[in-house]
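So for the sequence shown, the working numbering puts the first residue at 37; every next one is plus one.
Heads up, the beta-carbon is just placed ideally off N, CA and C, and yes, glycines get one too.
This report concerns only the one structure given below.
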Amino acid sequence: IMMKVSKELNNFYDINDLYQQLLEDTVKLVNSGDNGSILIYNKDNNAMEYVAAVGFDLKELKDIRLKKEELFLYKTTMLKIADIIKNPVVYDSQNIDKVNFDKLKASNSLDIKATISSPLYINGEFYGVINIDNNSNAE
């Protein structure tokens, strides 16, 4: 897979296609990975925006904008290192805007048991997060 990824990285003309392929390959590489998403920080809107999804409807997710401060990683690691979220629906129900929570629930994006979430940095600056989800086991 790594050789395939390396070759593919040289053939993208659209950053969103790159995000999607990167996510698809990452989900395949993680043994318990079933679904996933990438959110990129939009400085102009001060919001996290979905740019790629596996196992979820990206069109539905694009309607959701989250604040950095609502992210699990913000609360646990200040967006510095990866962490595992067990039963994300419980965290989200208590920490994100109700409208966004309802949109996530309606899109079935919270029908997961656990997520490994990792911050993305470019040149030392926070860029976004990648989430790899597991549907069957919270461990």
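Below 8 Å between beta carbons: does that hold for Ile121 and Phe108?
yes
Under 8 Å by Cβ, that's how I've got Lys103 and Tyr77 pegged, so tell me the actual separation to the nearest angstrom.
Lys103 to Tyr77, Cβ: 10 Å. No contact.
Based on the DSSP secondary-structure assignment, which residues constitute the bridge partners of Met84?
Tyr77, Leu102
What is the residue span of the beta strand (DSSP E) that Val63 lies within?
Where Val63 is concerned, there is no enclosing beta strand (DSSP E), although the alpha helix (DSSP H) it sits in stretches over 51-65.
For Ser129, which three-state DSSP category applies?
helix
Backbone CA spacing between Ile152 and Ile168 [nearest angstrom]:
5 Å
Could you check how far apart the C-beta atoms of Leu185 and Gly164 are, in whole angstroms? I think they sit under 8 Å.
The displayed coordinates of the chain run from 37 to 175. Any statement about residue 185 would go beyond what the structure contains.
Beta-carbon proximity of Ser143 to Asp93, cut-off 8 Å
yes
Among all the DSSP beta bridges, which residues are the ones paired with Asp138?
The partner list for Asp138 (beta bridge, DSSP) is empty, contrary to what the question assumes.
Distance check for Val125 and Asn173, CA to CA, integer angstroms please.
14 Å
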